[in-house]
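Numbering (full-length UniProt numbering), first residue to last: 1 to 89. Note that the Cβ used here is the ideal one computed from N, Cα and C, for glycine as well.
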């Protein structure tokens, strides 16, 4: 993966993680609620980084494991509808 010349800002990652925690916790992602999750987000990111390091994961491997690529559909599968459910007559 090519590296971009963008300064790394850990606070953006922490804020994004805190927002995800807030949305998962109570469904509200307002800035006031997100601030309550900042300390938890920092601990979550530290825990994930430590576990990945301990198990020998690289960043690329971790990303592939968390978001695996979807298989490409064959041309004849693209135009088919969803599979019929068991309740359809």
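Neighbour-count burial assignment, residue i, 16 or more Cβ in a 10 Å radius
i, result
"residue 49", "exposed"
"residue 24", "exposed"
Chain-order list of residues whose beta-carbon lies under 7 angstroms from that of residue i (same chain, five-residue window excluded)
i, result
"residue 28", "22"
9 angstroms Cβ cutoff met for residue i and residue j
i, j, result
"residue 52", "residue 62", "yes"
Same chain, Cβ closer than 8 angstroms to residue i, five either side skipped, listed in chain order
i, result
"residue 6", "none"
"residue 26", "33"
Residues near residue i in its chain [Cβ-Cβ closer than 6 angstroms; skip 5 each side]
i, result
"residue 12", "none"
Stretch-stretch touch, CB-based, cutoff 8 angstroms, three pairs: the stretch 29-44 with the stretch 2-19: yes
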